[in-house]
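Reading through the structure tokens given below for one structure.
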Amino acid sequence: MIVLRNCTYSVCMHLKSFLRTSSHELQAKYPYSIVKPWRVSSLRTVPDHILRPQYAVTGIVNKMGDEIEIKNQTQIEGMREAGRVARHVMNSIAANLKVGVTTDEIDQVAHETCLSLNAYPSPLHYRNFPKSICSSVNNVACHGIPDARPLEDGDIVSMDVTVFYKGFHGDTAETFLIGEVDRQGKQLVEAAKQCRDAGISICRPGARFCDIGNSICREADRLGFSVIPYFCGHGIGSYFHGPPDIFHIEHEDDAIMLEGMTFTIEPILSEGSYEITVLSDRWTAVSVDGSRSAQFEHTVLITSDGVEILTK
Numbered sequence: 001m002i003v004l005r006n007c008t009y010s011v012c013m014h015l016k017s018f019l020r021t022s023s024h025e026l027q028a029k030y031p032y033s034i035v036k037p038w039r040v041s042s043l044r045t046v047p048d049h050i051l052r053p054q055y056a057v058t059g060i061v062n063k064m065g066d067e068i069e070i071k072n073q074t075q076i077e078g079m080r081e082a083g084r085v086a087r088h089v090m091n092s093i094a095a096n097l098k099v100g101v102t103t104d105e106i107d108q109v110a111h112e113t114c115l116s117l118n119a120y121p122s123p124l125h126y127r128n129f130p131k132s133i134c135s136s137v138n139n140v141a142c143h144g145i146p147d148a149r150p151l152e153d154g155d156i157v158s159m160d161v162t163v164f165y166k167g168f169h170g171d172t173a174e175t176f177l178i179g180e181v182d183r184q185g186k187q188l189v190e191a192a193k194q195c196r197d198a199g200i201s202i203c204r205p206g207a208r209f210c211d212i213g214n215s216i217c218r219e220a221d222r223l224g225f226s227v228i229p230y231f232c233g234h235g236i237g238s239y240f241h242g243p244p245d246i247f248h249i250e251h252e253d254d255a256i257m258l259e260g261m262t263f264t265i266e267p268i269l270s271e272g273s274y275e276i277t278v279l280s281d282r283w284t285a286v287s288v289d290g291s292r293s294a295q296f297e298h299t300v301l302i303t304s305d306g307v308e309i310l311t312k
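Residue numbers (UniProt numbering): 1 to 312.
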């Protein structure tokens with residue numbers, strides 16, 4: 001689950017523009033459905049025996065300090081276990097995606113899979129998010145709330161999964177093709193995956209964090225897509241989101257990676273404008289021009305000689 005950073009004014013201005021544009025106007029421009037929120041079902045419950053994160057009851061998240069955590073061997077093994085559980089949940093989602101299924105039904109699959117593994121679905125109640133995963137279809141860039149809309153032939157859908165298992169979070173995201181997707185959509189999805197992998201490829205002790213974003217932007221430019229700049233990866237551990245912020249855009253910063261650090265790399269690519277607006281549910285981020293987005297994410301660990309992908 002990605003972090004939104006420093007774009008309140010821009011988002012508000014684009015919300016006004018988005019609201020002035022009818023869905024019919026946007027739909028006429030594109031060969032896929034422009035998605036707006038549908039009905040959201042009731043909150044799902046979690047049995048008492050499942051270990052919960054700090055925010056699960058109130059939705060309020062404890063403040064984090066600025067120091068990047070260096071994990072010990074016990075914490076690293078906990079992160080590995082959480083990553084494996086997150087991968088298992090993502091695989092269960094992939095097995096159930098098809099034309100006609102609703103994202104709410106996929107949320108139920110993810111929720112029940114988490115519970116069967118004695119894991120808590122981390123998004124549930126996080127800052128009052130109402131569901132167990134994020135599902136973002138077509139023009140929804142990220143943080144889409146699973147709802148009653150059936151997936152259609154030609155949709156692309158990003159599924160963002162985070163689990164809390166034995167005191168640690170594991171976070172991953174993938175974008176899937178539903179039915180027959182047009183060539184541009186397929187290229188967008190493949191490009192997002194390549195950009196994530198480009199960011200991961202530079203990770204090692206002593207590497208600069210800013211080179212993640214620099215590598216991602218170069219790859220996105222080469223492939224003809226833009227990176228949505230308002231969202232970043234994050235440190236992760238017993239906490240869902242913490243330092244460092246992992247920016248997916250070109251910038252300069254001298255902060256370096258050290259062995260034992262864990263964080264997410266999760267760029268969102270757009271086929272059109274990178275400008276977004278956040279809808280009135282305060283979560284769903286949509287493109288202002290109706291263009292599609294795709295996202296891929298892994299949680300990674302900096303090792304003594306490189307990087308380990310924990311959610312592979």
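Every residue, glycine too, gets a C-beta built ideally from N, C-alpha and C.
From a predicted model like this one, the values you see are computed outputs, not experimental measurements.
- In the three-state reduction of the DSSP assignment, residue 220 falls in the helix class, which pools H, G and I.
- With at least 16 other beta carbons inside 10 angstroms of its own, residue 160 counts as buried.
- Assignment of alpha helix (DSSP H) within the region 226-258, counting only whole runs of 4 or more residues, yields no such run.
- Here the alpha carbons of residue 166 and residue 194 stand approximately 31 Å from one another.
- Assignment of residue 190 by DSSP, reduced to helix, strand and coil, places it in the helix class.
- A contact between stretches requires three or more CB pairs, one per stretch, nearer than 8 Å, and the region 45-57 meets this requirement with the region 123-131.
- Setting aside the 5 residues that flank it on each side, residue 68 is surrounded in the same chain by 235, 243, 244 and 261, each with a C-beta closer than 7 Å to its C-beta; the list follows chain order.
- In the displayed model, residue 95 falls within a helix according to three-state DSSP.
- A direct Cα-Cα distance of roughly 11 Å separates residue 31 from residue 183.
- Rounded to the nearest whole angstrom, the CA to CA distance from residue 281 to residue 148 is 16 Å.
- Uninterrupted alpha helix (DSSP H) stretches at least 4 residues long and entirely within the region 36-116 occur at 73-96 and 103-116, given in chain order.
- In this structure residue 85 is in contact with residue 119, their Cβ atoms being roughly 5 Å apart against a cut-off of 8 Å.
- For residue 284, there is no enclosing beta strand (DSSP E), as DSSP marks it with neither H nor E.
- CA-to-CA, the gap between residue 178 and residue 294 works out to about 13 Å.
- Distances from the alpha-carbon of residue 277 to those of 129, 77 and 291 put 291 closest.
- For residue 298, the enclosing beta strand (DSSP E) covers residues 298-302.
- For residue 159, the uninterrupted beta strand (DSSP E) segment begins and ends at 156-165.
- Within the same chain, Cβ atoms closer than 6 Å to the Cβ of residue 164 are found at 53, 120 and 122, the five residues on either side in sequence being excluded.
- Listed as beta-bridge partners of residue 130 by DSSP are no residues whatsoever.
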